[in-house]
Structure formats: structure tokens, C-alpha cells
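Q: Let me begin by handing over the structure; questions about it come next.
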Amino acid sequence: MIKKVLKNTPKLKSGLAQMLKGGVIMDVTNAKQAKIAEQAGAVAVMALERVPSDIRAQGGVARMSDPKMIKEIMKTVSIPVMAKVRIGHFVEAQILEALGVDYIDESEVLTPADEQYHVDKSKFKVPFVCGCRNLGEALRRINEGAAMIRTKGEAGTGNVVEAVRHVRAVKDEIAFLKGAGKELIAEKAKEMRVPIALVEYVSKNQKLPVVNFAAGGLATPADAAMMMQMGCDGVFVGSGIFKSSDPLKRAKAIVEAVLHFNDANVLARVSEGLGEPMKSLEISKLTDLYAKRGN
Amino acid sequence: MRNAETKTQKSKLKAQNHSSKVKAVGRKVKIGVLDIQGSVEEHAMMLEECGAEVVFVKTVRDLENIRGLIIPGGESTHISMMLKRGGLFDTIKKKIKSGMAVYGTCAGAILLAKKILGDNGSIGVKSFNVIDAEIERNAYGRQTDSFEVDVEIPVLGEKVGYKGNVTRKKVRDFPAIFIRAPKIKSVGKNVEILAKYKNEIVMAEGKFGNAQKNNILISTFHPELTNDIRVHEYFIKMAA
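Here the protein sequences come in this chain order: W and R. If you count by our numbering, then the first sequence holds residues 1 to 295, one letter each, in order. If you count by our numbering, then the second sequence holds residues 296 to 535, one letter each, in order.
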């Protein structure tokens, strides 16, 4: 008897994200950094040519990375490899799918390619992660096929304030829907431009239907543990690791902080003597807010 | 995102909704779920649904008094590393040796196997070496090669027949979910093969240490991502 084999189902796509829970996903720009990330205990790496703080400093259009560099990283590590495409750039996504990356991040850190539409992610075999600032953005991305959500935060700043704002917004909006009646659910669905069923799910289960990580501006073990205590499933650390003075030590410390996020004694120990964090920025002094891209 | 409630509270709520099932399996057997990374909550919910008492195992202290331990799916490199860093590794090995039951899914199965292949030249994953099996990491390929398929697991059926001629009643297939899954390349002669897919071993059990019966269970798929609690029920019986 031939058994029916299903591939690339929503369950398999969000299932991989479930396997990453409680872990740290680190931005890396070459095979050497990818190796360090793996050694430090990263559960996945994000392969990109320039980390957000460099993109911010250098300006210009930020695009998908060179496939050669992504392939080298895929060859080097055994953990999943993610890579970024510009918002709405479905051809960059086709290219990454052809390369065989494990996850695509449709990311506001790169310069958006389409100001009206995101990629129709349900058409792809490879799963997508997308950023959000609030529940509406999260549900719209999920409705487009995203299998994992992260907060946008404000990448490349080393400033956690925006990630905190976004986690709180999502949490509060979910709590607001608790016990909501049919009318309120319909109203919210209309307001957020998503199907009623999605809002119903959130109202009933009091959580998103997919895994939700924190991202954007995390620089220290304390930042990472704070996001975990606020209910996130795991964290992305971008510039925070390889723009600090001692990447391996800081990476290990952040991994341990995410594991023992509720144990202040462990957090105190791993926070000790990490050297200089990345060069950080105040949000009010920024001219370009990445989080505003793509809603 | 996790709810504001703690994992345990959440699982408890879920268990209450399914209280009718509590009697089905052994009463309140204490089972631990290794709470380092991966599908921890998913396993906990399944166990609670089976009527077991769940202990989240983060430190050596959490290992006291548990009858069985589940090592969930996740990233085996990471889990292995954190096991070593926290001193959990030696204590768990000692407990298995003295007969504690342990079930590894996917990454968990890798961590229990005698030999690990296909490390991509990576940092070594240190396994517990408690089941005579050779297992290859990411052996089906990358994420787009992940798949779902129904597999036959005869052992989930009830035993029928008389002494010396016991067979198992045909049962409905189990919905197996393989995500960047490993392959069990071979097993020793004392290891019992419980399920195969395309001639590939996907579930097996064995005995280690002072256990009276089989106490090691491995599967390369993720029953914790389904709504089917039969594999968890099977493990709880093994541990009880």
C-alpha cells in the first residue's frame, strides 16, 4: 500500500519554528561567524551580508545577500539557516527557496521592494518568518502564510525599547480579545483586515497560532531574558553579538540567559565581564525607523 | 507567544478539559520533560492529556522522583551543549542506568543513540549512548524535505491471542511528522524495531542499565505535534 506523503504543509512549516523555541537565532555574515554561533549554542543562524547596524551606518539599498555566502554558511553548520528577503520581493524569495535555506525572513531591515504587498508566502515551499509591531501586523502576515512571527523592534540600535513596545502591544491586544463576542471579533477582523477565524483563534486560545520570537535591538543577556519573561518563545540577536567586543562570550551568555530566563543568579553570573556591547543608538535620534516599513 | 500563565498552569488547564482520559493510563505517573529547548510545552500537554504529572526538568533537582524523562525535539547541538554546561548530563545518565525510562523524539533520539553520523563537521554532539543504534542527523535533507506520513506502529495495538502465539490487533496508522529528521541507520540485535517507513527504522526501543524491561524509546518523528496521544500513552506505560 502506498502511503500519501505530505510536504511543505503549514504544520511542517510552523513545526520547525516550534523546534526552535527557547533558543537564540543569531545574525552571521560569514562561515566563520556561523561556526562561532553554532559553538555558542545558537538554534539557527540568519545569514546576511551586513548586520543591521552596518546597514544603518552605510545607508543605501539593502538587498538579499549573495547566494555564494549563504551556501557557504549552509555547508558549514548543521543547524537551520535562515536568510532575508526585502518586503514584497517574491523573486528574492524564489532564489532563496532554490538555494534550499530552511527559513526566509521577509524583513523590514532590508529596503522594501513593494510598498503595497508582502510576499504571498503560502505559495512557497519554504517557511517564512515576518516582523510585527502589533496584533494586526502579526495576523496579516500569518494570513499571508507566515509560519513564525517576531517583533520588529528597531534593528541595529542595540536599544530594546521598541521590541518591548511591540511585545506589549501584541500581548495587550490578545488580552483585550479574551471572551470577546461575535460582534467584537468581526469588528476587529475588519479593522485588522484578516479573516474572522484568525481573530477567533486568538480570542479563544489567548495566543498567536504560530511561534513568536522577540527581535530588534537586543544586546545583552538581560535584554534576552526580559523578552522571555514577557512571554516570547525565543529571541533573535542581530548586530548585538558580532558587533560587541567579545562575540563568543556574549553569544554564550545570551544563550544561557534565554535558558535560565527566570533565574536572576544565573543572569547575574553570565552578565559579568562581557566587555563592550555594540555601539547603541537612541530611537529619538534616528532618521529612519525600520519598524515602520511594511504594515 | 506563551500566555501570561506558566507552562504548568496551562498544561493543567488543558488536562482538566480531558479529565475523562485520566483513568485510561496509569494514575499520575511523574514524567519529566527536559526543558532546555524545543517542543517542551507540546510534550507536556500530551503527557497531561494522558493523565501523567509533568515535571519540567531544567536542573538536577527536577530529576528527583520522576519515573520517566522525555527529551524533546529541538536542535541536538544546542541541547547537548546545555546538558553538559548545566551538569545535567551525568545525573540523567545515572538515572537511566538505574532503570529510569527515557523517550527521545528527533533531536532527543539522536541524544540517546550509541553513534551519531552526519555532523556536518560540526561541534560534536555528546550522546547518552543508551540504545544500540546508529543515527544520522538531518538525513532526509533540509526543511523543504520535511514531510508528514501515516505509519504503522503495531505495538500501539492491544495484544490478542494465547500464550506463545500473541499477535497485535491491527490499529489505525499514526500520523508521523518528520521535520529535518534524522535516520536510524541500524540497530543492534537487542533493540526492538517498532515502526518503519520505506524500509527505514523510525521508532525503536531497547533496555539499558538495571531496568527490568525496555526503558529506552526513540522516534525520529514528532508525536507531540499531533493530536494523537497513543505514543505518549505507550511511553507512560513503559515508565510506570
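Built from N, CA and C at the ideal position, the CB exists for glycine as well. Remember, predicted model here, so these are calculated numbers, not experimental data.
1) Any contact between the stretch 520 to 531 of chain R and the stretch 459 to 470 of chain R? By contact I mean 3 or more CB pairs, one from each, below 8 Å.
2) If you measure from the beta carbon of isoleucine 79 of chain W to each beta carbon in chain R, is any gap under 8 Å?
3) Where does tyrosine 435 of chain R fall in DSSP's three states?
4) Would the stretch 158 to 170 of chain W and the stretch 121 to 136 of chain W be scored as touching if the rule is three or more Cβ pairs under 8 Å?
5) Do you know offhand how far histidine 383 of chain R's Cα is from phenylalanine 90 of chain W's?
6) Do alanine 291 of chain W and valine 270 of chain W count as a contact pair if the criterion is CB distance below 8 Å?
7) What separation, rounded to the nearest whole angstrom, lies between the Cα atoms of isoleucine 283 of chain W and isoleucine 196 of chain W?
8) Would you kindly check if the distance between the Cβ of alanine 163 of chain W and the Cβ of glycine 217 of chain W is under 8 Å?
9) Assuming contact is defined by CB atoms lying nearer than 8 Å, are aspartate 27 of chain W and glycine 238 of chain W in contact in what I supplied?
10) Is serine 371 of chain R helix, strand or coil by DSSP?
11) Taking the beta strand (DSSP E) that glutamate 443 of chain R falls in, what are its first and last residues?
12) Please report the straight-line C-alpha distance between valine 77 of chain W and glycine 413 of chain R, rounded to a whole angstrom.
13) Report back the beta-carbon spacing between histidine 166 of chain W and arginine 141 of chain W to the nearest angstrom; my notes put them in contact at under 8 Å.
14) Are arginine 432 of chain R and proline 477 of chain R touching if we call contact CB-CB under 8 Å?
15) Name the chain R residues that come within less than 8 Å of valine 91 of chain W, Cβ to Cβ?
16) Put glutamate 72 of chain W into one of helix, strand or coil per three-state DSSP.
17) So is serine 422 of chain R in contact with chain W if we call contact Cβ pairs under 8 Å?
18) Quick one, which residues of the stretch 463 to 492 of chain R are near chain W if we go by CB-CB under 9 Å, in chain order?
19) Could you confirm whether any beta carbon from chain W is found closer than 8 Å to the beta carbon of methionine 340 of chain R?
20) Who does cysteine 130 of chain W pair with in a DSSP beta bridge?
21) So, using beta-carbon positions, are isoleucine 73 of chain W and leucine 99 of chain W closer together than 8 Å?
22) Starting from asparagine 212 of chain W, trace the alpha helix (DSSP H) both ways and give me its first and last residue.
23) From valine 320 of chain R to isoleucine 405 of chain R, what does the alpha carbon distance come to, in whole angstroms?
24) Which same chain residues end up closer than 8 Å to arginine 463 of chain R when comparing Cβ atoms and leaving out the 5 residues on each side of it in sequence?
25) Taking all protein chains shown into account, decide if lysine 318 of chain R is buried (16 or more other Cβ within 10 angstroms of its Cβ) or exposed.
26) What would DSSP say about asparagine 460 of chain R, mapped onto helix, strand or coil?
A: Let's see:
1) With the cut-off at 8 Å, the stretch 520 to 531 of chain R and the stretch 459 to 470 of chain R touch.
2) yes
3) coil
4) yes
5) At residue 383 of chain R the sequence reads leucine, which differs from the histidine that was named. Distance between the alpha carbons of leucine 383 of chain R and phenylalanine 90 of chain W is about 45 Å.
6) no
7) 35 Å
8) yes
9) In this structure, glycine 238 of chain W lies closer than 8 Å to aspartate 27 of chain W by Cβ.
10) helix
11) 442 to 446
12) 11 Å
13) Not quite, the Cβ-Cβ distance comes to about 13 Å (not below 8 Å), so this is no contact.
14) yes
15) Simply none; closest approach about 18 Å.
16) helix
17) no
18) Asp468, Ile472, Phe473, Ile474, Arg475 and Tyr492
19) no
20) The partner list for cysteine 130 of chain W (beta bridge, DSSP) reads W:Glu106 and W:Ile149.
21) no
22) Per DSSP, asparagine 212 of chain W belongs to no alpha helix (DSSP H); it is in the beta strand (DSSP E), 211 to 213.
23) Any reading at valine 320 of chain R needs caution, since the residue's pLDDT is 45, under 50, leaving its predicted position unreliable; the model's value is listed next. Going from the Cα of valine 320 of chain R to the Cα of isoleucine 405 of chain R covers about 28 Å.
24) Pro449, Val450, Gly452, Glu453, Lys454 and Val455
25) Model confidence at lysine 318 of chain R stands at a pLDDT of 43, short of 50, so the residue's coordinates are unreliable; what they give is reported in the following sentence. Lysine 318 of chain R should be labelled exposed.
26) If DSSP states are grouped into helix, strand and coil, asparagine 460 of chain R belongs with the strands.
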